[in-house]
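Residues 21 to 472 (the working numbering) are what the sequence shown spells out, left to right. Backbone N, C-alpha and C define an ideal beta-carbon position, used for all residues, glycine too. Quantities reported herein were computed from a predicted structural model and do not represent experimental measurements.
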Amino acid sequence: MARVDVIMPQMGESIAEGTISKWLKKPGDAVKRDEPILEISTDKVDAEIPAPATGVLSEVKVGEGKTVPVQTVIAVIETEAAAGAAATPPTPAAAPTRSPGAKQASAAPAAPARPAPRPAATPAVTAPTAPARTDGGVQTQEERLRQRSTPLVRKIAAEHHVDIGRIPGSGIAGRVTKKDILSFIESGAATPTASSAPSAGAGGGSGAAVVHPTVEAWPGDRVEPMSRIRKLTADHMIMSRRTSAHVTSFYEVDFTPIARIRAAKKKEYEEQGAKLTFMAFITKVIADNLRRHPVLNSSVSGDAIIYRKPINIGIAVALDWGLIVPVLKNVDELSVIGIARQMADLAERARTKRLNPDEVQKGTFSITNPGVFGSYIGAPIINQPQVAILGVGAIEKRPKVLTLEDGQDVIAIRTMGMLSLSYDHRVVDGATADRFMADVKRDLEQFPKEGA
21 MARVDVIMPQ MGESIAEGTI SKWLKKPGDA VKRDEPILEI STDKVDAEIP
71 APATGVLSEV KVGEGKTVPV QTVIAVIETE AAAGAAATPP TPAAAPTRSP
121 GAKQASAAPA APARPAPRPA ATPAVTAPTA PARTDGGVQT QEERLRQRST
171 PLVRKIAAEH HVDIGRIPGS GIAGRVTKKD ILSFIESGAA TPTASSAPSA
221 GAGGGSGAAV VHPTVEAWPG DRVEPMSRIR KLTADHMIMS RRTSAHVTSF
271 YEVDFTPIAR IRAAKKKEYE EQGAKLTFMA FITKVIADNL RRHPVLNSSV
321 SGDAIIYRKP INIGIAVALD WGLIVPVLKN VDELSVIGIA RQMADLAERA
371 RTKRLNPDEV QKGTFSITNP GVFGSYIGAP IINQPQVAIL GVGAIEKRPK
421 VLTLEDGQDV IAIRTMGMLS LSYDHRVVDG ATADRFMADV KRDLEQFPKE
471 GA
């Protein structure tokens with residue numbers, strides 16, 4: 021028999037740790053190579069982790085709810101010596117570091133796992149050599165290590181004007197974790213000084229930490245702790261409301277031409293492996309118009325505006341355990357059928373916890389579709405650091421007044437739907453937002469059949 025270690029994988033360049041959400045197998049259970057054996061959660065995504073070898077799960081070293089650094093041994097699989105030799109490279113980086121979100125449909129033999137980055141080098145941003153502290157001194161190596169944290173931690177620090185070097189880190193190599201910085205802020209030690217106050221136009225929102233008030237539970241109530249994804253969502257939504265000056269515009273759209281295209285091409289698209297939805301058409305039109313109205317595809321950075329070159333649209337997916345926003349990259353280069361295929365693939369892998377962390381990052385605009393549940397329309401909250409989000413209401417047949425060529429008004433049955441655009445009024449003027457939506461409305465109502 022041979023022993024194969026299961027390690028906490030590297031779920032993205034900037035991820036230094038992960039949390040064990042759930043063990044899908046228990047000690048003594050037989051496991052097959054690439055079979056999911058546990059679920060983990062990081063700052064970016066929830067994912068299922070496959071077994072690195074076939075055998076028996078002999079030991080679980082880290083229990084559910086525990087957070088450990090990447091490369092930590094979290095379990096042991098006992099397997100036949102031959103199988104273990106084939107599955108285990110001779111170096112400590114033997115555990116699989118490929119993303120569980122990678123497609124597993126390939127018939128080719130599995131390639132050896134690429135060597136995992138050393139934990140000390142995982143952060144994406146490294147402090148410059150011997151930088152000066154705010155007090156005029158030079159940072160020590162320990163202080164520089166503490167500042168090498170995840171993007172989420174650095175983002176929280178920037179929002180609350182906190183010097184990460186002041187915080188004792190409990191993470192790997194003394195890094196500051198999300199728990200560390202939130203505890204520091206809640207302790208009251210993070211009160212910004214005059215030199216750290218946000219500049220005009222920074223829009224950092226309130227300097228106070230996100231604190232959720234407690235409420236007394238009554239007899240008979242059921243109290244459940246928030247899941248990790250729910251807590252992250254709650255904090256992110258409150259931060260967004262504090263950061264952006266939200267304004268929402270609403271437009272009614274006649275989807276009848278697109279409904280006819282869908283009816284005519286539904287079978288053809290299904291034969292090509294794509295389900296032709298209204299969302300595919302909407303996403304295509306939004307992408308085309310973001311190129312014409314670039315401020316809607318931007319981000320605010322202090323008192324500057326970053327106009328994003330790629331058009332990466334996040335599509336919100338409702339899950340049983342929360343909400344996640346997979347991102348379609350370079351959407352303006354895709355056809356409607358290409359968008360439909362990618363949307364279906366990302367949504368399915370989101371529901372089965374097989375998304376790659378890169379697939380939920382670098383969005384430049386978001387779309388949410390509450391209409392799928394029957395909602396007439398809503399006013400969504402902007403997904404920071406973006407400056408706009410589109411809400412799609414229920415698309416259904418409704419009566420509409422039409423004017424004929426002779427000027428006579430008639431009531432007709434049309435396929436209608438509402439769209440809402442929530443935008444950041446710090447950089448997007450009402451006239452700009454309305455021109456963008458007027459163009460979107462026009463292009464949807466005049467969608468060419470050949471465009472499908």
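Range of the contiguous alpha helix (DSSP H) that encloses S260: It spans 248–263 - the alpha helix (DSSP H) in which S260 sits, taken as one unbroken run.
Rounded straight-line distance, which links the Cα of T253 to that of L343: Straight-line spacing of the CA atoms in L343 and T253 works out to 8 Å.
From V345, L354, K175, V421, residue whose alpha carbon lies closest to that of D389: For the record, residue 389 in the displayed sequence is Asn; it is not Asp. Ranking the options by Cα distance to N389, first place goes to V345.
C-alpha distance - T197 paired with I187, whole-angstrom precision: Each residue's alpha carbon lies about 10 Å from the other.
Nearest-angstrom Cα separation, counted from Q381 out to R53: A direct Cα-to-Cα measurement between R53 and Q381 gives close to 29 Å.
As assigned by DSSP and simplified to three states, the class of Y289: DSSP places Y289 in the helix class (H, G or I) of the three-state scheme.
I415 beta carbon less than 7 Å from that of G476: This structure leaves residue 476 out entirely; the chain is present only between 21 and 472.
Close Cβ partners of S61 (< 6 Å) along its chain, the five nearest in sequence each way excluded: So the qualifying residues of the chain are T39, S41, R248.
Nearest candidate by alpha-carbon position, reference W341, set K81, W43, R250: R250 is the residue among K81, W43, R250 whose C-alpha sits nearest the C-alpha of W341.
Spatial neighbours of V448 in its chain, beta-carbon cut-off 7 Å, leaving aside the 5 residues before and after: Around V448: V315, L316, V407, A408.
C-alpha distance - V356 paired with E290, whole-angstrom precision: Computed Cα separation, rounded: 13 Å.
Where A458 sits in the DSSP three-state scheme: Look at A458 here: in three-state DSSP terms it is helix.
Through-space distance from E379 to V12, alpha-carbon basis: One cannot answer for residue 12 here, as it falls past the ends of the chain, which runs 21 to 472.
Contact check, V26 vs T99, beta carbons under 7 Å: No, Cβ-Cβ distance for V26 and T99 is not below 7 Å.
Residues sharing a beta bridge with R418, DSSP: Answer by DSSP bridge pairing, in chain order: R434.
For D255 and K287, the rounded distance between their alpha carbons: Between K287 and D255, the C-alpha separation is close to 43 Å.
From M299, Y327, W43, residue whose alpha carbon lies closest to that of P405: The candidate whose alpha carbon is nearest that of P405 is Y327.
Beta-carbon proximity check, I331 vs D352, cutoff 7 Å: At the C-beta level, I331 and D352 come within 7 Å of one another.
Which of helix, strand or coil DSSP assigns to K175: If DSSP states are grouped into helix, strand and coil, K175 belongs with the helices.
From G75, M363, V65, residue whose alpha carbon lies closest to that of A22: Relative to the Cα of A22, the nearest Cα in the group G75, M363, V65 belongs to G75.
Rounded C-alpha distance that separates A453 from L441: If I take the Cα positions, the gap works out to 8 Å.
Test item: CB-CB of F456 and N309 under 7 Å: Their beta carbons are under 7 Å apart, which means F456 touches N309 by this criterion.
Buried versus exposed call for D91 [16 or more other C-beta atoms within 10 Å across all chains shown]: In the sequence under discussion, the amino acid at residue 91 is Gln, which differs from the Asp named in the question. Buried is the call here.
Helix, strand or coil at K360 according to DSSP, with G and I counted as helix: According to the sequence displayed, residue 360 carries Ala and not Lys. Judged by DSSP in its simplified three-state form, A360 adopts helix.
Every unbroken beta strand (DSSP E) inside the stretch 317–400 [3 residues or more]: The stretch 317–400 contains these whole beta strand (DSSP E) runs: 318–321, 324–327, 333–335, 337–339, 342–344, 385–388.
G413, buried or exposed, once every other Cβ within 10 Å from all chains shown has been counted against 16: Buried: at least 16 other Cβ atoms inside 10 Å.
Coarse secondary structure for F298, derived from DSSP in three states: In the three-state reduction of the DSSP assignment, F298 falls in the helix class.
Proximity winner among P377, I325, F393, relative to Q473 (alpha-carbon distances): Outside the displayed span of the chain (21 to 472) sits residue 473, for which this structure offers no information.
Span separating the alpha-carbon of G221 from that of W43: Note that G221 scores 31 on pLDDT, short of 50, meaning its location in the model is unreliable and no value can be drawn from it.
C-beta contact flag for V337 and A367 at 7 Å: In contact: V337 and A367 (Cβ atoms closer than 7 Å).
Under the three-state DSSP convention, the category R446 falls into: Look at R446 here: in three-state DSSP terms it is coil, with no helix or strand label.
Buried versus exposed call for M246 [16 or more other C-beta atoms within 10 Å across all chains shown]: The residue in question, M246, is exposed, as its Cβ has fewer than 16 Cβ neighbours within 10 Å.
Element boundaries [beta strand (DSSP E), containing K46]: Run containing K46: none; DSSP gives neither H nor E here.
Per DSSP, the bridge partner or partners of F270: S440, per the DSSP bridge assignment.
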